[in-house]
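Residue numbers (the numbering used here), protein chains in the order written: chain A, 24 to 1012; chain B, 107 to 496. C-beta: ideal position from N, C-alpha, C; glycine also.
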Amino acid sequence: MKFKIFQTITVLLGLLLFNSNLSGQYYFGRNKIQYDDFDWKILKTDHFDVYFYPEMGELAEIGAAFAEEAYRRLESQTNHNVNRRIPLIFYSNHSHFQQTNTIPSFLPEGTGGFFEFMKGRVVIPSRGSIHSFKHVINHELVHVFTRGRMARILKDHHRTTFRGMPLWFTEGIAEYWSQGWNSQAEMIIRDAVLSGHLVPLQDMDSIYGTFLMYKEGQAICKYIAEKFGKEKLLQLIENLWKESSFSDVMKLTIGLTYKEFDEKWIYDLKKRYYPELEEADSPKMVTKAITKDGLNTKPAVFSKNDKNWVAFIANRVGYSNIYLKSLDDSESKPEVLIKGERTSDFESFKLLNSKIDVNDYGELTFVSKSGAHDVIYVFDMQEKVILRKFSFENLVTLSSPNWSPDGKQIVFSGINFAGVSDLYIVDEESGELQRLTNDFYDDRDPAWSPDAGAIAFSSDRSYFGRDGHMNLFLYNLQTGEIQYLTEGAHNDYAPSWSHDGESLAFTSDRDGPFNIWIIKNNAGKVEPSLIADNFADPTNNGEAHTGKNGLTLNPVFENGDTNTLYPSALEKTDQLKKLTNFTTGAFDPVWLDEDNLVFTAFENFSFQLRQVNHVEDKFAEAPSVKNDTLLTVTDYWTANKLAGEVRSSTVKYKRKFNLDIAQSAVSHDPIFGVSGGAQLAVSDMLGNRQYYFLIYNNAQVRSDFLSSWNVAVTRVELSKRINYAIGGYRLKGQFYDRVDSFFEQKQLGGFVAASYPFSTFKRIEASINLRKEERSYAFRGKVIDGIVVSNSISYVKDNSLWGITGPIDGERFNLTLGNTLDIQNNDVSFFTISADYRHYFRLSRRTTYAVRLMTRINQGKEAFRYFMGGSWDLRLYPRWTIWGRKLFLVNQEVRVPFLDWFVLRFPFGGLGLRAIQGAVFVDLGQAWDRDYQFNEVLGSLGVGWRLRLGGFLVLRYEIGRRFQVTDFSSPNINFEPGLKKAFWFGFDF
Amino acid sequence: MDLRFKVISKIKTFFLLLFLVNLFWSCRSVKIKNIQTVSTEENWTLYGGDPSRVNYRAATLAPPLEHVWTYKATSAPGKTLTVANGLIYFVTLDGRLDLVKIETGEKFGRLKTAEHFEATCAFYQNKLVIASRYGEKTLAAYDLEKGKYLWKINAGDIASEPLVTSAGVFVSALYNHIDKYNWESGERIWTFKSGGQHRSSPALSQNTLVVGCDDGTIYALNAEKGTLKWKVATGASVFATPIIQSENIFVGSSDSIFYSLNLENGEIVWEFQADRPIYEAAATDGEHVVFGASDGQFYCLDFESGEELWSFKAESVVSTAPLISGDVVFFGSLDRHYYCLDLRNGNKLWSFETKGRIRTSPVLWGKYIIGASENRFLYAFSPPDSLSTY
């Protein structure tokens, strides 16, 4: 059947677009669920409209202050301003952020915020860290300013066809201008250089959109600023109008093309990093490997029956799972303990952000996103069952649960509705929740001491925390006091107690790369105290005092007075030493025993678990390092809120609609003639309510002009868990049916559709469509003239994992039941059953066996036919040449990688193609009804190739043979002579 | 089918005509017959008003000011305007030079070239010297009386304002050189290789040519020979144009410091620390020195000591050089306003909100203040009566 373009759009607008979260083809897709009903307000400042909900009011004010500060800085830095009010939409945590309707797509864990161009909105979640919140605000505002500057320059010079700045530059400058350079960026680039996977600027497209691209972009911007002058970064934008390629713009601005730049930049990096190999080592060369592939993090070690094991979170196949591996058998493969990202219980294990732990009873505790809130699970490793789970109404995001020594309590970090990160303890038996800290500092990675007396944790509550530095602290469970373990302008994370409590291992970048450090107390357990003797404090009579935030501070003095002492944060008998000396990074150390540590190594842009042996010897040989010194602390740091000259007011959010997109089109068809029209979409600032308008005219003669208007209006509501759409339309046009030939159809009606998601993976949909319909066929005359009602209900499940050209794991399923009836004249009366099941069996990391089983039935009066044939269903058959009111289809396909890279280089340039996928397939299917019976099943088998170009276009080519199966009692397969070929487009099923 | 053919045919004809008209229009020259020289003192012939770039006129054109007319150009204007003999010469970023009658705001003529301007033109003896940011022939002299170019040369990309005197045309080019040309023939007289790119325009006084550089250096050259007299390093790029009054040079740097230097030897006489980078030129009347910074602060300092006399805060970056008119000072900001302040105490006397950001320095000619905004409009303001004394 052939539809005109605008008819198709109408159908899509009315029924499919209301669920703007569809991914993949057709009618599948996961669900973006609005779990929470936010009472939105707007905080209006000089330059921003800050959207927030009351629970996070304080955080919104802090964010608004950061935004105004960033605005002033960027205004001065770019010699530009933004002539409109900038919408800033804040969420207090990432779970809430993932519910946003400001963009239709899903937001993965790694998305820290975004700037979208339609309405110029900046949408940002907090993750519990004030400093991180500030960084993201600054980062996104750099986008606002640079994009605005670029747009102005191109407009002034009438350059409307410029394709825009490359992503490496826009993200690189945003990172560089918002945070400069830090340990993480240094680690990524150092690793890239030393591992040999640094991507030259010329080939930056090959890592488009990846985190490595962000960091390389940041490194390039840093290099340009340092070597050529910081004003050059802005001049790169100001020179955009002069050239058509960014490489030429670089040549103009700094005198180097991409290729010339690469030579200098990469050489500079090598000179800088190669000498480090003389002093430091790559983790894989000096430690024992536990894992080799994928991304493996957050180890938790335990012993069972005198064997040593490690549980960890990893993404080795595309989905993140929790794995178990023997530490005694290095050749053993990790076994999947708990599958993630496929069911609503285990939506996400927070691969890089949340630790796991195992107690002496063999019970594993971990966090998973599960619906609206994160949940702490207790899992029996022996029985492989979930024993208990904990979720808390006001705690949205949880992380890093850690057992008490007796295995009866769990300490963890939680972020509440207000966006504040604190430490909590839950009693495993009663479920009672106890809050340990209660402030806006970011508290993470709690670790219970073996004597049960204290909890070590990482926090930004020190003086240096205002700049985002994390240090280690000790929470005394008896007194409730918080004491310093470390302090300094560096980052200390993930404390881990040895079994005897005498040593504390942690990750630190205090002298450069992230390495494992150990605090060890030879006289006993590590027990730092700030109550030291021989200090005079004129402000407090020589006594320690407890600050407002609960910190016990020792009065100390600055340089100058020879009688003063500088107490360590630790007792004099404590030793602080650096255990490892890696070139890249070491994280999350855990003690296997007193002499062995397991940790996560970052190397070759991957995370692998590794083991350090002979810890005692290494510690003894390592030089002692001076313990951290407490500086004068007069007060704890606070985040600034709006003050001074900035004006602000808060109002309730009221919907105001503005345009998202407007486009017009004229189409010409040799048979149907010309159509012309327009469509536009509007929505409110939060994207919760959307309107779509379609209007076009397909008159071929003047007398038909008035009667040939086609109009459709749809309203879509996404603010609640149930999404719905209502709409009306008036459609008229000529169509063609392969069986019944030409017909004219008029429809005037409306519809209601709703979708209720059970979870991210499952939903139910229903729709009712009521219309006045007239349909006249060229050869049959008028067959429908009545009031037609169409109802449908569908159940959809989709947890598929996508590769480059289609799904490679998981499954998808759509079952639809429908009924269409002419309630006036009974001209139409049929029911519909459609079942489409697809499963993807992962054979290896890169190969998949995909199966589709589909049946469709339309039964009754004027039931429409289904058409089959072509690359999207029964392959190698001409498109839409097999029809009937019933059909079945079985597709089987083995998907394999065919070519990873295909590059042709010529003296004058080159052509590169990436990732050509291959497939071997066998299809079976047939369509029939009472007019077209079948006595054979059609089939095809062959091979195919797919190539993805850009974001959405997948080209397909298949070659093979057709066959028919007859005599089903003893099947007879007849192959048609000759090879058939087909070239088309579209994702794999 | 016939109807469709006719429509297509008509559309084709229309576009052909449009093309021909545009072609003709773009090739059209501008000729001014019998140019009336009104007043050489009154003419604002180059950026800063004169070769020392002091942005100063003795007569006070004080508020209240009326918005007299608005002129719409084809693109955003350049940094400044040139006004001579009743005509405004107005350069836009899309390569057009408009001539507008100052009394009425009507278009007098238009020149279009292939080059894109990001500078302005300087008017000298009924000729325009035009500098271009990018292209093949980046420096040209156009004879207004003959209606044709005298010469066009490749002088390298020029992102600054040319300085034209009887001695010659001085240009600080983008790619590390400062040049002097014969203004009649375009022949290069000398060239000086500097250490970086130039966005700062040269200023001239007492045979000393002073210009800032992107590498943070302020250069002073012998204007006749093109040799280096001295150079001074600042902490960051000097984008602003220096101004020279008596023996003093005043210039701001993007290190946020405003400098007063000795013209003869480059010694720092005094420094003033602002809070944010300074991108634009200053103005002086010999007693006050005024300038704006990128945080919206507008400062008035004592000429001799550099002491701050007063300051004023605009809503956004001060994005133009100021103009001192007797006892008042005008400047523009990215907040879309032109401001007029009392030079004695910094009180705001007048402001005008345009529809776009302002990057064009205001100029004074006769009883008119002329300015322009980014959204392509040229504005004229004038007191309700003729020139008044404040």
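For the pair of segments examined, the segment 874-883 of chain A was found not to touch the segment 112-119 of chain B: the number of CB pairs separated by less than 8 Å stays below three. Beta-bridge pairing by DSSP links I284 of chain B to B:S278 and B:F298. Under the DSSP assignment, E797 of chain A falls in the beta strand (DSSP E) whose first and last residues are K785 to Y800. Distances from the alpha-carbon of S291 of chain B to those of B:A279, B:D249, B:A265 and B:I475 put B:D249 closest. Remark: fewer than three beta-carbon pairs, one from each stretch, lie closer than 8 Å, so the segment 903-912 of chain A and the segment 982-996 of chain A are not flagged as touching. Between the alpha carbons of G195 of chain A and E163 of chain A lies a distance of about 12 Å. Identification of residues in the segment 250-265 of chain A having a C-beta nearer than 7 Å to some C-beta of chain B yields G252, E254 and K265, given in sequence order.
Per the DSSP secondary-structure output, K330 of chain A pairs in a beta bridge with A:K327. Using a Cβ-Cβ cut-off of 7 Å, Y255 of chain B does not count as an interface residue toward chain A, since no Cβ of chain A sits closer than that to its own. Taking all protein chains shown into account, V357 of chain B has 16 or more neighbouring C-beta atoms within 10 Å of its C-beta and is therefore buried. By the neighbour-count criterion, in which a residue is buried when 16 or more other Cβ atoms sit within 10 angstroms of its Cβ, P930 of chain A is exposed.
For E885 of chain A, the CB contacts under 6 Å within the same chain, skipping 5 residues up- and downstream, are V851 in chain order.
DSSP places E410 of chain B in no beta strand (DSSP E); its state is neither H nor E. For a cut-off of 8 Å, the C-beta gap from G133 of chain A to P148 of chain A is around 12 Å, too long to register as a contact. Look at the segment 719-747 of chain A: it has no residue with a C-beta under 9 Å from a C-beta of chain B. Interface annotation, L440 of chain B: in contact with chain A, CB-CB separation under 7 Å. Identification of chain B residues near H117 of chain A by a Cβ-Cβ cut-off of 9 Å yields none; the smallest Cβ-Cβ distance measures about 34 Å.
Proximity of the segment 208-215 of chain B to the segment 235-243 of chain B falls short of the contact definition, fewer than three beta-carbon pairs being nearer than 8 Å. The beta carbon of Y676 of chain A is closer than 7 Å to those of W63, K64, I65 and Y74 in its chain, skipping five residues each way along the sequence.
The residues Q949 and W951, in chain order, have a CB closer than 6 Å to that of F957 of chain A in the same chain once the five nearest residues on each side in sequence are set aside.
Between the segment 625-640 of chain A and the segment 307-321 of chain A, the count of C-beta pairs closer than 8 Å reaches three or more; the two stretches touch. Scanning chain B for C-beta atoms nearer than 8 Å to the C-beta of N104 of chain A yields S422, V423, L440, D441 and R463, reported in chain order. At a cut-off of 7 Å between beta carbons, L199 of chain B contacts chain A. Listed along chain A are S99, each with a C-beta nearer than 8 Å to that of R382 of chain B. Closest option to D532 of chain A, judged by alpha-carbon separation, among A:E91, A:D515, A:F251 and A:I745: A:D515. The count of Cβ pairs closer than 8 Å, one atom from the segment 335-350 of chain B and one from the segment 290-304 of chain A, stays below three, leaving the stretches out of contact. At least one C-beta of chain B is nearer than 7 Å to the C-beta of D179 of chain A.
Within the DSSP secondary-structure output, R902 of chain A pairs in no beta bridge. Less than 7 Å divides the Cβ of I438 of chain A from the Cβ of T420 of chain A. 7 Å or more divides the Cβ of S457 of chain B from the Cβ of K473 of chain B.
Listed along the chain, the chain A residues whose CB falls inside 7 Å of the CB of A190 of chain B amount to none; the nearest CB is some 25 Å away. Contacts with chain B (Cβ-Cβ distance below 9 Å) from the segment 81-99 of chain A involve R95, R96, E98 and S99, listed in chain order. For S181 of chain B, the chain A residues whose C-beta falls within less than 9 Å of its own C-beta are K178, D179, H180 and H181, listed in chain order.
Look at Y162 of chain B: its C-beta is not under 7 Å from any C-beta on chain A. For D304 of chain A, same chain residues with a beta-carbon under 8 Å away, outside a window of 5 residues either side, are N604, F605 and T606 in chain order.
Residue environment for K178 of chain B: exposed (fewer than 16 other C-beta atoms within 10 angstroms of its C-beta).
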